[in-house]
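A.B. asks: Residue numbers (the working numbering), protein chains in the order written: chain B, 1000 to 1313; chain L, 1000 to 1313; chain H, 1000 to 1313.
For every residue, glycine included, the Cβ atom is placed at its ideal position computed from N, Cα and C.
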Amino acid sequence: MQQFLSVEDVSDPMALVSEAMSCKESPLQASQLGNGKTLGLIFFNPSLRTRMSTVKAAQNLGLETIVLNTGQDSWQLEIEDQVVMNGNKAEHIKEAAAVMGQYCDILGIRTFPGLEDRDTDYQEKLLTAFVENCGRPVVSLESATRHPLQSLTDLLTIEELKKKEKPKVVLTWAPHIKPLPQAVGNSFAEWVNQTEYELVIAHPEGFDLDPKFVGSATVMTDQNKALEDADFVYAKNWSSFNDYGAVGDFPDWQITSEKMALTNQAYFMHCLPVRRNVVVSDDVIESDQSVVIQQAGNRVYAAQAVLQSILKSL
Amino acid sequence: MQQFLSVEDVSDPMALVSEAMSCKESPLQASQLGNGKTLGLIFFNPSLRTRMSTVKAAQNLGLETIVLNTGQDSWQLEIEDQVVMNGNKAEHIKEAAAVMGQYCDILGIRTFPGLEDRDTDYQEKLLTAFVENCGRPVVSLESATRHPLQSLTDLLTIEELKKKEKPKVVLTWAPHIKPLPQAVGNSFAEWVNQTEYELVIAHPEGFDLDPKFVGSATVMTDQNKALEDADFVYAKNWSSFNDYGAVGDFPDWQITSEKMALTNQAYFMHCLPVRRNVVVSDDVIESDQSVVIQQAGNRVYAAQAVLQSILKSL
Amino acid sequence: MQQFLSVEDVSDPMALVSEAMSCKESPLQASQLGNGKTLGLIFFNPSLRTRMSTVKAAQNLGLETIVLNTGQDSWQLEIEDQVVMNGNKAEHIKEAAAVMGQYCDILGIRTFPGLEDRDTDYQEKLLTAFVENCGRPVVSLESATRHPLQSLTDLLTIEELKKKEKPKVVLTWAPHIKPLPQAVGNSFAEWVNQTEYELVIAHPEGFDLDPKFVGSATVMTDQNKALEDADFVYAKNWSSFNDYGAVGDFPDWQITSEKMALTNQAYFMHCLPVRRNVVVSDDVIESDQSVVIQQAGNRVYAAQAVLQSILKSL
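1) On the three-state DSSP scale, how would you describe residue 1296 (chain B)?
2) If you count every other CB in all the chains shown that lies within 10 Å of the CB of residue 1211 (chain L), and 16 or more means buried, which is it?
3) Per DSSP, what are the beta-bridge partners of residue 1064 (chain H) in this structure?
4) In whole angstroms, what separates the C-alpha of residue 1060 (chain H) from that of residue 1104 (chain H)?
5) Can you tell me which of B:1270, B:1013, B:1276, B:1277 puts its alpha carbon nearest to the alpha carbon of residue 1290 (chain B)?
6) Please state the DSSP three-state secondary structure of residue 1139 (chain H).
7) Can you tell me whether residue 1235 (chain B) is buried or exposed? The criterion is at least 16 other CB atoms within 10 Å of its CB, across all chains shown.
8) Between the region 1290–1302 of chain L and the region 1260–1274 of chain L, are three or more C-beta pairs nearer than 8 Å?
9) Just to confirm before moving on: does the CB-CB distance between residue 1039 (chain L) and residue 1126 (chain L) stay below 7 Å?
10) If the criterion is Cβ atoms closer than 7 Å, does the pair residue 1233 (chain B) and residue 1170 (chain B) meet it?
11) Below 9 Å between beta carbons is the criterion; list the residues of the region 1273–1293 of chain H that meet it against any residue of chain B, in chain order.
12) Within the region 1223–1255 of chain B, note down every full beta strand (DSSP E) run reaching 3 residues or more, in order along the chain.
13) Output the boundary residues of the alpha helix (DSSP H) element that contains residue 1102 (chain B).
14) To the nearest angstrom, report how far apart residue 1285 (chain L) and residue 1198 (chain L) are at their CA atoms.
15) In whole angstroms, give me the CA-to-CA distance for residue 1174 (chain H) and residue 1096 (chain H).
16) Under 7 Å between beta-carbons, which chain B residues line up against residue 1048 (chain H)? List them in chain order, please.
17) Along the chain, where does the beta strand (DSSP E) that runs through residue 1134 (chain L) open and close?
18) Of all the CB atoms in chain H, is at least one closer than 7 Å to the CB of residue 1025 (chain L)?
19) By Cβ distance below 8 Å, which residues in the same chain neighbour residue 1207 (chain L) in space, the five residues on each side in sequence not counted?
20) Around the C-beta of residue 1014 (chain B), are 16 or more other C-beta atoms found within 10 angstroms, so that it is buried, or is it exposed?
21) I'd like to check one pair, residue 1230 (chain L) with residue 1166 (chain L): are the Cβ atoms closer than 7 Å?
22) Relative to the C-alpha of residue 1144 (chain H), which residue among H:1089, H:1129, H:1123, H:1274 is closest?
23) Find the nearest neighbour of residue 1252 (chain L) within the set L:1221, L:1243, L:1265, L:1148, judged by alpha-carbon distance.
24) Drop a sphere of 10 angstroms on the beta-carbon of residue 1312 (chain L), count the other beta-carbons inside from all chains shown, and report buried for 16 or more, exposed for fewer.
25) Who are the neighbours of residue 1149 (chain H) on chain B, taking C-beta pairs under 9 Å?
26) Nearest-angstrom Cα distance between residue 1189 (chain B) and residue 1069 (chain L)?
27) Please classify residue 1258 (chain H) as buried or exposed, where buried requires at least 16 neighbouring CB atoms within 10 angstroms.
28) Ends of the beta strand (DSSP E) at residue 1033 (chain B)?
29) In chain L, which residues lie with their C-beta within 9 Å of the C-beta of residue 1176 (chain B)?
30) Just to confirm, are residue 1075 (chain B) and residue 1055 (chain B) a CB contact at a threshold of 7 Å?
31) Start and end of the alpha helix (DSSP H) containing residue 1050 (chain B)?
32) Going along chain H, which residues have a C-beta under 9 Å from residue 1299 (chain L)?
33) Kindly list, in the order they appear in chain B, the residues whose Cβ is closer than 8 Å to that of residue 1067 (chain L).
34) Am I right that residue 1046 (chain H) and residue 1109 (chain H) are in contact with their C-beta atoms under 8 Å? What's the rounded C-beta distance?
35) Under 6 Å Cβ to Cβ from residue 1152 (chain B), same chain only, skipping five residues before and after it: list those, please.
36) Helix, strand or coil: how does DSSP classify residue 1314 (chain B) here?
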């Protein structure tokens, strides 16, 4: 693998899921593969799971890690071209990315959208600038519009737990108090569209995802109907794509045990962090059907499969 | 050892001191014991000694470390039950702790008291929530009411330096400009009560420690009298336990050379950081009797003995 | 080598450049030299290149690293003597440095000048306090008045690229929007004065460097004349040494392709970060003559040569 920005970089997504499963069975199977090499993890936004799980994955591979919190550890970067840099940005992304590429063999980048201007966010300027300027394979640690490591984790989790060949997977919008990116929803749809699962996406009117990601999924605005016979319920908030960045006020979309009772004893999934009793009720997240911790744990093996594949191609 | 939250988790405290001494003599004696394993260090409060010494201890054991500054590197955590999380806390401790447990084999937690409500602090909610939810052995890196790694260090230091079997050890309150936790004083008393040393605790009226920790120690409110014939003087400020969080205004309690002259050429100890000429005078801390640097250096071997013992039990 | 604070600590600067070149050819040539040892990197000021390149250098040597951002990860330090520490500084540098020396075998320190009082800055109090109190070899990661790791990198870069025995090297002042330290300019002059290169320093009237560093270099206030036949152009802003900390308003000193056309097809150098179209135009920094990325990449091997030399002397 040459880079990992979206499912399009993966020749066979289900083979990568199998690889992740193999890493989970035997985490130290390639514990020297990364020796003498360095993974740079550049966080433009805060992170707990991604940071810890990716560092752990690197450790399993004997790969050294350098973590940099941009802004906090260094300074603000300019990303526009042909700017007279007499403001508060002390370095251009072109130099910063190229320099990081001098010190690291692989670069992981986390960058969130501004959620103010859709075109700007969907251009993925920052991620693209790294890819174009760093001269190294880039791994998305969640970008403005996609979160492919999360989706690979999600597929691994479904594969571990599914009781039938083609489970019904429902990705449902859930309430939140402030605008969140569409990245997790976008990527999940994009990845599941590569599988044989039945995918249903449920959201209130006006909260459609970009059709590019929805693909052949069934879309419903009646959450209860969508949940019928679901084998997996993946709850996630996203702000509006059309009325860009708008937060919806639909408290009824919270996943409660009444909602879960409509399903085929579905597993409950969420990428975390999650606001309890806003997105999901205490009783659901603490129930036996909740697999959010296993799902989070799987982040290690998703990252490990990706890093392993990139290391082999270096 | 299954966890390290207080002296109660240690079957034989003096045997652990011996183990720490052995780590100091030969720091790389078990340099592969931690291979393939990861220690998570979660700081809810800033740290210099604890952070550096624990990382060094882990390095000596071949144990990988992931350091997380909560709030700074990630986000605020909710610790109360049954809350509708529509405020500024983006994740519940139940998920956060469980997830960290997925990535780490041992978790170290630092959390300070609020010093506003005594019951809240002495319930140790945050530390307890980690223990209950992370599924891994937890090491206290100083909690609201105890600092056991410091106490183990202190005993190691006294054992190295004592000139008689049962030295007289004086823990004396010292001035400070703002309210400090009782954790160091509490733990020191609790640990020394497990030894054969003579323990005297000196403090101004109203600055008693919780009797639970004081145990069989002699308590005095006349500092000069307490210091007579002392072999070790351990100075430390703590805010009031009874008038919870109050700062005392007793500048005379500063440890000066006049005070030290009352002792049996005692060694001067402090856990650091220390405010010079408030807690202790320049001439005392710079004297040959001051062992604060040796004491701080011993933090490595205390942490190493604890981690080693936990690793062996995994 | 016992420490690395300035060129004066290096018995044979060109031999150290050769050593750095050898590290670049074979980065893992001494990959076990640092085993069991720890490098502490203490940042009082933010850093991208220095932090990442020094960590990478340590990794190449099998040396463990502990990074501490003072202030952010710990607390403010007092550096004045005989102070009653009842203000906002919780620890004295004397204790902090000595304690860090307990946990680390080598300490790297980054500290910037205040640019308000010249005497204070040029006394290098903070760096000196570390040297005097930590009991370990200290490596400057840029101090108030010097940046020797950068200069060693610069010489390595010139040696790699030079087409004649004694190239003409022009260090030219360049515009900036806020006061910057003189450290890079000072050190570069100091190091080049140890070589056989022809050194010309160009700056506007009033922007002389401290004569101590200028040494035998030719100084010009006509930038165009200075650039004639230059083989290397090193652009860098510094605030005034005489009118201490003053920013000059000389936009004409920006390095443009017109300026570069005056040279002998010179290579363009800068230590980065650089403000585009203030210090240097887009077309120059993106041209084939620009070697700023190679120069930044060389930071790894400069640091590695220094650390290797210190490790051998331990």
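C.D. replies: Here's the rundown:
1) Residue numbering aside, residue 1296 (chain B) sits at position 297 when the first sequence is read from its first letter. Residue 1296 (chain B) falls in the helix class under three-state DSSP.
2) For the purposes of this step, residue 1211 (chain L) is identified with residue 212 of the second sequence, where counting begins at 1. So residue 1211 (chain L) counts as exposed.
3) The count along the third sequence starts at 1 and reaches residue 1064 (chain H) at position 65. Per DSSP, H:1038.
4) Numbered from 1 along the third sequence, position 61 holds the residue referred to as residue 1060 (chain H). Numbered from 1 along the third sequence, position 105 holds the residue referred to as residue 1104 (chain H). Cα-Cα distance, rounded: 14 Å.
5) Against the first sequence, residue 1290 (chain B) aligns to sequence position 291. The option with the nearest alpha carbon to residue 1290 (chain B) is B:1270.
6) As a first step, residue 1139 (chain H) is located in the third sequence; it is residue number 140 there, counting from the start. Of the three classes helix, strand and coil, the one that applies to residue 1139 (chain H) here is strand, per DSSP.
7) Looking up residue 1235 (chain B) in the first sequence gives position 236. Looking at its Cβ environment, which holds 16 or more other Cβ atoms inside 10 Å, residue 1235 (chain B) is buried.
8) yes
9) Along the second sequence, one-based indexing puts residue 1039 (chain L) at 40. Along the second sequence, one-based indexing puts residue 1126 (chain L) at 127. Going by C-beta atoms, residue 1039 (chain L) is not nearer than 7 Å to residue 1126 (chain L).
10) As a position in the first sequence, residue 1233 (chain B) is number 234, starting the count at 1. As a position in the first sequence, residue 1170 (chain B) is number 171, starting the count at 1. Contact: yes.
11) 1273, 1274, 1275, 1276, 1277, 1278, 1281, 1284, 1285, 1291, 1292, 1293
12) 1231–1235
13) Residue mapping note: residue 1102 (chain B) aligns to position 103 of the first sequence, counting from 1. Where residue 1102 (chain B) is concerned, the enclosing alpha helix (DSSP H) stretches over 1092–1102.
14) On the second sequence, residue 1285 (chain L) is found 286 positions in, with the first residue counted as 1. On the second sequence, residue 1198 (chain L) is found 199 positions in, with the first residue counted as 1. Approximately 25 Å between the Cα atoms of the pair.
15) Within the third sequence, the letter at position 175 stands for residue 1174 (chain H). Within the third sequence, the letter at position 97 stands for residue 1096 (chain H). About 37 Å.
16) Mapped onto the third sequence, residue 1048 (chain H) falls at position 49. The answer, in chain order, is 1098.
17) Along the second sequence, read from residue 1 onward, the residue named residue 1134 (chain L) stands at position 135. Looking at the DSSP string, residue 1134 (chain L) is not in any beta strand (DSSP E), and its letter there is neither H nor E.
18) For the purposes of this step, residue 1025 (chain L) is taken as residue 26 along the second sequence, with counting starting at 1. It does not; no Cβ of chain H falls within 7 Å.
19) Working through the second sequence from its first residue, we reach residue 1207 (chain L) at position 208. Once the five neighbours on either side are set aside, the close Cβ partners of residue 1207 (chain L) are 1213, 1218, 1240, 1241.
20) Residue mapping note: residue 1014 (chain B) aligns to position 15 of the first sequence, counting from 1. Burial call: exposed.
21) For the purposes of this step, residue 1166 (chain L) is identified with residue 167 of the second sequence, where counting begins at 1. For the purposes of this step, residue 1230 (chain L) is identified with residue 231 of the second sequence, where counting begins at 1. A contact, by the Cβ cut-off of 7 Å.
22) The sequence position of residue 1144 (chain H) within the third sequence is 145, counting from 1. Residue H:1123 is the option with its Cα nearest to residue 1144 (chain H).
23) Against the second sequence, residue 1252 (chain L) aligns to sequence position 253. When each option's Cα is compared against that of residue 1252 (chain L), the closest is L:1221.
24) Locating residue 1312 (chain L) in the second sequence gives position 313, counting from the first residue. It is exposed - the Cβ of residue 1312 (chain L) has fewer than 16 other Cβ atoms within 10 Å.
25) On the third sequence, residue 1149 (chain H) is found 150 positions in, with the first residue counted as 1. Going along chain B, no residue has its Cβ under 9 Å from residue 1149 (chain H), so there is no contact; the nearest lies around 13 Å.
26) For the purposes of this step, residue 1189 (chain B) is identified with residue 190 of the first sequence, where counting begins at 1. For the purposes of this step, residue 1069 (chain L) is identified with residue 70 of the second sequence, where counting begins at 1. Whole-angstrom Cα-Cα distance: 32 Å.
27) In the third sequence, counting from the first residue as 1, residue 1258 (chain H) sits at position 259. Buried, since its Cβ has 16 or more Cβ neighbours within 10 Å.
28) For this step, residue 1033 (chain B) is matched to residue 34 along the first sequence. From DSSP, residue 1033 (chain B) is part of no beta strand (DSSP E); its letter is neither H nor E.
29) Residue 1176 (chain B) sits at position 177 when you count from the first residue of the first sequence. Those within 9 Å of residue 1176 (chain B) in chain L are 1084, 1085, 1086.
30) Here residue 1075 (chain B) is taken as the residue at index 76 of the first sequence, counted from 1. Here residue 1055 (chain B) is taken as the residue at index 56 of the first sequence, counted from 1. No, Cβ-Cβ distance for residue 1075 (chain B) and residue 1055 (chain B) is not below 7 Å.
31) Along the first sequence, one-based indexing puts residue 1050 (chain B) at 51. From DSSP, the alpha helix (DSSP H) with residue 1050 (chain B) extends over 1048–1059.
32) Within the second sequence, numbered from 1, the residue matching residue 1299 (chain L) stands at position 300. In chain order: 1101, 1102.
33) Along the second sequence, one-based indexing puts residue 1067 (chain L) at 68. Here the neighbours are 1047, 1050, 1051.
34) Taking the first residue of the third sequence as position 1, residue 1046 (chain H) is located at position 47. Taking the first residue of the third sequence as position 1, residue 1109 (chain H) is located at position 110. Correct: roughly 6 Å between the Cβ atoms.
35) Position 153 of the first sequence, counting from 1, holds the residue named residue 1152 (chain B). 1297, 1298, 1301.
36) Since the first residue of chain B shown is 1000 and the last is 1313, residue 1314 (chain B) is not available in this structure.
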